Amino acid sequence: MEALQAVLSNITFQNVLFLVGGAFAGIIGGALPGISPSMTIALLLPMSLYLPPSYAIMTLIGAYQGAMYGGSISAILINTPGTASAAATAFDGYQMANNGKAGKALGMALTASCTGGLISSVILILLAKTLANLSIQFGPAEYFGIMVLALTLIAGVCGDSMLKGLVAAALGLLAATVGQDPVSGTDRLTFGIFDLFDGFTMLSVFIGVFALSELMMQLRAGGKVLNEPTQLLNVSSDRITFREYWSQKWNILISGIIGTFVGVLPGVGGSTASFLAYAEAKRRSKYPEKFGTGIIDGVAAAESANNGVCGGALVPMLALGIPGDVVTAILVGAFIAHGLKPGPLLFSQHINDVYMIYVSLILSCVAVLILGMIFLPLFVRIVKIRKSILFPCVFILCIVGTYSVRSNLFDCFMMFAFGLLGYVLRCYKFQLAPFIIAFVLGPEAELNFRLALRISGNNYMTFLEKPICATLLALTLVSVYFFAFRSRKQKKSA
Amino acid sequence: MKMMKKVSFALTCALALGASAFAADYPRKPITMVVPYAAGGGTHLAAEILTPGAEKFLGQPLEIVCKPGAGGAIGATYVAKAPKDGYTILYSTLSLPTAPLIGKVGYKTEEFVGIAQCSDVASVLAVRADAPFNNAKELVEWAKANPGKFSWSHPGVGSSLHIQGANAIYQMGIASVTKDIPAKGTAPGIANVLGGHVTAISSFFPALSENVKAGQMKVIGVVGNKRLEELPDVPTFEEQGYPALITSWRGVFCHKDVPMEIRKFLEEKFAEIIASPEYQERAKKLGEPQVYANSEEFTKVLMKGHEDMTELVKAIGLAK
Chain A
1 MEALQAVLSN ITFQNVLFLV GGAFAGIIGG ALPGISPSMT IALLLPMSLY
51 LPPSYAIMTL IGAYQGAMYG GSISAILINT PGTASAAATA FDGYQMANNG
101 KAGKALGMAL TASCTGGLIS SVILILLAKT LANLSIQFGP AEYFGIMVLA
151 LTLIAGVCGD SMLKGLVAAA LGLLAATVGQ DPVSGTDRLT FGIFDLFDGF
201 TMLSVFIGVF ALSELMMQLR AGGKVLNEPT QLLNVSSDRI TFREYWSQKW
251 NILISGIIGT FVGVLPGVGG STASFLAYAE AKRRSKYPEK FGTGIIDGVA
301 AAESANNGVC GGALVPMLAL GIPGDVVTAI LVGAFIAHGL KPGPLLFSQH
351 INDVYMIYVS LILSCVAVLI LGMIFLPLFV RIVKIRKSIL FPCVFILCIV
401 GTYSVRSNLF DCFMMFAFGL LGYVLRCYKF QLAPFIIAFV LGPEAELNFR
451 LALRISGNNY MTFLEKPICA TLLALTLVSV YFFAFRSRKQ KKSA
Chain B
1001 MKMMKKVSFA LTCALALGAS AFAADYPRKP ITMVVPYAAG GGTHLAAEIL
1051 TPGAEKFLGQ PLEIVCKPGA GGAIGATYVA KAPKDGYTIL YSTLSLPTAP
1101 LIGKVGYKTE EFVGIAQCSD VASVLAVRAD APFNNAKELV EWAKANPGKF
1151 SWSHPGVGSS LHIQGANAIY QMGIASVTKD IPAKGTAPGI ANVLGGHVTA
1201 ISSFFPALSE NVKAGQMKVI GVVGNKRLEE LPDVPTFEEQ GYPALITSWR
1251 GVFCHKDVPM EIRKFLEEKF AEIIASPEYQ ERAKKLGEPQ VYANSEEFTK
1301 VLMKGHEDMT ELVKAIGLAK
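Order-wise, the sequence lines are chains A and B.
In this text, residue positions in the first sequence follow our numbering: the first is 1, and each later residue adds one.
In this text, residue positions in the second sequence follow our numbering: the first is 1001, and each later residue adds one.
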C-alpha cells in the first residue's frame, strides 16, 4: 500500500505537464532526420539542468519514448528514418505510404510503439534485477552471436535476386570498414581525409541512401507528375482500425519482448532490435513474401521493438548503473547532474526515484499515444502536398539534418555521395535494405568477433564453447535455412 | 619636421586608442566554445556547467557547439583554423596533445594556449570484487603467473583512459603478458568486467562508484598523484611503487594568435566564473575534481602533456 502511495504521489500535474512537453519535443526530434533520439536528449539536457530532478526526469524520459516513435514518421512519409532505429520501419512503412495507406502505417507505428513501450516498462518493473544479471553474461562472443543472427535478415530482404542482395550487403560492409580499426586504431580506407577517421557518419549514409536516392528517383517522373496539385482526399478511411491493431497483437508482443531484451544489453540498441524483430516477424509469418511490399506486420514489428528498447535499456542503468544504450548513457549523466546516482544501491536507497522513473516510463507511452493521435491527421496531410513543393523542403531538411550531427559540412558531402550510390543501386534494381543492414550491423559483428578472439587468445573454439553464443549461432543456422532456402522454395512452388 | 612629429604623434595616439577600443569592444557577439566530443558525454557535460550565467561575467553568452570525431581532433582543427578573433575557443582534454602524435590531424599542439584549467581527473584500475588480488603487487604476481589471462578494458584506442590505463600497465611491467580490450565506451566495459569476460577496466571513478559501493567491484589503484577523495583507503599506483601519474585534465584553450588583451580578458573572466559559488556547486554535483590553473600554468600543463604523451605513445606502439 505504501509503495502504491509512493507511486501515485509521483503523478502530479506539473510532472505530467513536463512529461508531455518532453514527449512532444521527443516526437519532433525523432521525426526530423538528423536529430537522433540521443541528440534530442542531449539538446534537452542543458535545459533540464535548471529544473528540479522530478521534472527533469519526466521531460527526458518522455522525450526518449517520443523520439523512438518519432523516427517512424519520417521513415513512413519520406523514406528517411528519422533515427537509425526506424530503418526497419521504412521497409514496409514507406511502401504503405506509396500505396496510399500512409494513415494506416502511421497509426500502426504509433500504436505499436506505445504498446511496445508499455510491454518493456512492465518487464522492467517486474524483472529488472534478473534481467540485469542475465545481461552481464553477454560478453563479446555472445554479442557476436546476436549480430550474426540479426545479419541473417539480409537473406530475407534480398528480394528476387539473392546475388544482388549479397552484393549490396558486401558494399555495406565495405562502407563500414572505412574509419579507425576498432581494435588496433589504424586508419582504414580513409585516404588521409581525417574527417573520415571515425568512418562514414551513420546518419549521412541513411539520409543519403534512403532519402536522397528517393528524391533522385522521383525526379525522373517528370514535371507533370511532380506538379500535380495537392489532393484533398478524404482522409478518414485511411486510418488504422482496432481490428487491424488487434490482429497484430502477438507480433507486437513478441517484437516488444525482443526489443526489451536487446535493449537490456549494453551497447546494443534500437536498430539491432528492430532488424531482429522484423526478421522474426517475417519468419513467423504466414505470408513472408509480402514483407517489404507494404504490410502493417513489418511496421508493427519494427516499431514495437524499437520502443521496447526504452524500457530494456533502463534495466542495466537502474540495476547496475551501466547505461544500456546511447540515450541512457546521457540519461545517466543527467541523473548524476541532479544528484541521483544510478547503480545497484538505487533500489535500496532511493526507491522513490525509481518509482518516479517507472511512472514516467508508463505515462510517456500514454502521452505519446495521445499526442500522436492528435497530430496524426496533420502528418498524413504531408504526404498529399504537391511533390514539387514537398521535395525541395525534404532536400533542405536532409542537408540541415546531416550537418547537425557533427556540425561538420563534410558529412553533407558524404550524404550526397551515398545518395548517388543509392540512386545507382536502385537503377540497377539492387535492394537497399541489405546494404543498410550490413552497414549498421557489420562493424558490431566485426568488433565483437575480434574482441572475443583476443580475449580467448585466438581460440576459435570459444564461440562454440560458450553456451549462449553457441545457442545463438545455432539459431543463426536455422534462420539462414529458413530465409535462404525454405522461403524461396515456397515462392517457387506458389 | 615638427609637423611630421605632430602628425605621427597624433596617429600613434589614435592607433593606441584604436587598440584599446578594439579590446573594449570584445565581446560584441556570443562566444562559441567548441567541445570536440559527442553531445551528452562527460566532457560535454563538464563544459556545459560553465555556461549558465556566463553572460554576467563575459558580457555575452557562452555557446557550446559539439564537433566530435577523430578523438577530439576534428573540433581542435576547427578552432585552429577559425578566425583568431577570440570568438571561437576550445574546451578540451588530454586528447589535445595526444591526437597529433597518433595520426594526421589539422593542428599542432603548440598552436594552442591555455586559458583556464577546470579539472584534473585521475582514473582508476578496477576489477570484480572476487578477483584473486587486492593491490598492484598481487596483480603483477598473478599476471606473470598467468600470462595472457589478464585483460583490461578501455573506451577506445587513443582515448585518455586507454593512455592512462596503459601508463599503469607499463609501469607495472606486465604489458607483454596482458592484453587491452577496447570497448565502445565505459558502460560495456563495466558490464564485461561484472560478467567475468574481462579482468579489469580503466575508468574514471564516477562511472563505477556505485558498483564499488555495492561491493560488486574493487579498485586496485589510482592513476594520478594523489588519492581520490571518495576512496581514501585506496593507494595510488605511485604509492604502491609504480609511478603512473598521467591524469586527464580538462580546460579552456584558445589559439595562440588571438590578441593578448582578449586572452587576458578571457583568462580573467573564466577565473571568475570558475570561482563563483554557482559553478562550484554545479561542479560538485557533477563529481568533477576541481583543479584550477591560470593561463600560463595551464599552457605549461599542455606542453608537459605533449612531452609525456610523446614517450608513452611510442611505448604503447600507437605513435604514427
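No residue lacks a Cβ here, since even glycine has one placed at the ideal position from N, Cα and C.
These numbers come from a predicted model, not from an experiment.
Would you tell me roughly how many angstroms separate the C-alpha atoms of residue i and residue j, rounded to the nearest one?
{"i": "isoleucine 336/A", "j": "proline 342/A", "result": "8 Å"}
{"i": "valine 1291/B", "j": "proline 1027/B", "result": "27 Å"}
{"i": "phenylalanine 291/A", "j": "proline 392/A", "result": "30 Å"}
{"i": "isoleucine 1049/B", "j": "glutamate 1267/B", "result": "17 Å"}
{"i": "isoleucine 73/A", "j": "leucine 106/A", "result": "7 Å"}
{"i": "asparagine 1135/B", "j": "alanine 1122/B", "result": "17 Å"}
{"i": "threonine 1310/B", "j": "glycine 1069/B", "result": "21 Å"}
{"i": "alanine 438/A", "j": "isoleucine 41/A", "result": "27 Å"}
{"i": "lysine 164/A", "j": "glycine 419/A", "result": "19 Å"}
{"i": "tyrosine 403/A", "j": "phenylalanine 413/A", "result": "10 Å"}
{"i": "alanine 445/A", "j": "isoleucine 193/A", "result": "25 Å"}
{"i": "glutamine 1094/B", "j": "lysine 1304/B", "result": "Note on residue identity: the sequence assigns leucine, not glutamine, to residue 1094/B. Looking at the two C-alpha atoms, the distance is approximately 10 Å."}
{"i": "tyrosine 1037/B", "j": "valine 326/A", "result": "14 Å"}
{"i": "glycine 1173/B", "j": "valine 1140/B", "result": "8 Å"}
{"i": "leucine 44/A", "j": "proline 1147/B", "result": "48 Å"}
{"i": "serine 1020/B", "j": "glutamate 1261/B", "result": "Residue placement at serine 1020/B is flagged as unreliable, the pLDDT there being 44, under the threshold of 50; the coordinate-derived value follows with that caveat. Between serine 1020/B and glutamate 1261/B, the C-alpha separation is close to 9 Å."}
{"i": "arginine 1128/B", "j": "alanine 273/A", "result": "29 Å"}
{"i": "arginine 188/A", "j": "proline 37/A", "result": "29 Å"}
So is residue i buried or exposed if we call it buried at 16+ other beta carbons inside 10 Å?
{"i": "threonine 177/A", "result": "exposed"}
{"i": "arginine 1282/B", "result": "buried"}
{"i": "tyrosine 287/A", "result": "exposed"}
{"i": "arginine 243/A", "result": "exposed"}
{"i": "lysine 1006/B", "result": "exposed"}
{"i": "cysteine 469/A", "result": "buried"}
{"i": "asparagine 448/A", "result": "buried"}
{"i": "arginine 569/A", "result": "What is shown of chain A runs 1 to 494, which leaves residue 569/A out entirely."}
{"i": "lysine 1264/B", "result": "exposed"}
{"i": "leucine 126/A", "result": "exposed"}
{"i": "phenylalanine 485/A", "result": "exposed"}
{"i": "threonine 111/A", "result": "buried"}
{"i": "tryptophan 250/A", "result": "exposed"}
{"i": "lysine 466/A", "result": "buried"}
{"i": "phenylalanine 210/A", "result": "buried"}
{"i": "isoleucine 455/A", "result": "buried"}
{"i": "aspartate 1180/B", "result": "buried"}
If you check the beta carbons only, do residue i and residue j fall under 7 Å apart?
{"i": "glycine 156/A", "j": "lysine 282/A", "result": "yes"}
{"i": "isoleucine 330/A", "j": "isoleucine 1190/B", "result": "no"}
{"i": "leucine 1096/B", "j": "alanine 1076/B", "result": "yes"}
{"i": "cysteine 952/B", "j": "glycine 1251/B", "result": "Any question about residue 952/B goes unanswered here, given that chain B covers just 1001 to 1320."}
{"i": "alanine 1244/B", "j": "valine 1223/B", "result": "yes"}
Shorter than 7 Å from the beta carbon of residue i to some beta carbon of chain B?
{"i": "threonine 177/A", "result": "no"}
{"i": "alanine 42/A", "result": "yes"}
{"i": "alanine 337/A", "result": "yes"}
{"i": "arginine 239/A", "result": "no"}
{"i": "aspartate 198/A", "result": "yes"}
{"i": "proline 266/A", "result": "yes"}
{"i": "valine 183/A", "result": "yes"}
{"i": "phenylalanine 194/A", "result": "yes"}
{"i": "glutamine 137/A", "result": "yes"}
{"i": "proline 443/A", "result": "no"}
{"i": "lysine 129/A", "result": "no"}
{"i": "isoleucine 455/A", "result": "yes"}
Determine, using beta carbons only, whether residue i comes closer than 7 Å to chain A.
{"i": "isoleucine 1181/B", "result": "yes"}
{"i": "histidine 1154/B", "result": "no"}
{"i": "lysine 1104/B", "result": "yes"}
{"i": "serine 1119/B", "result": "no"}
{"i": "alanine 1021/B", "result": "With a pLDDT of only 44 at alanine 1021/B, under 50, the local geometry of the prediction cannot be trusted, and the value read off the model is given with reservation. Not an interface residue."}
{"i": "proline 1188/B", "result": "yes"}
{"i": "lysine 1067/B", "result": "yes"}
- Starting from the N-terminal side, write out each stretch of the alpha helix (DSSP H) that is 4 residues or longer and does not extend beyond the stretch 1070-1097 of chain B. Counting whole runs of 4 or more residues, the stretch 1070-1097 of chain B contains the alpha helix (DSSP H) stretches 1073-1081.
- Item | Unbroken stretches of the alpha helix (DSSP H), 4 residues or longer, contained in the stretch 1226-1297 of chain B | 1260-1275, 1277-1286
- 4-residue-minimum alpha helix (DSSP H) runs that sit fully inside the stretch 374-423 of chain A, ordered along the chain: 387-406
- Item | Uninterrupted alpha helix (DSSP H) stretches inside the stretch 237-321 of chain A (no shorter than 4 residues) | 242-247, 249-264, 270-284, 296-320
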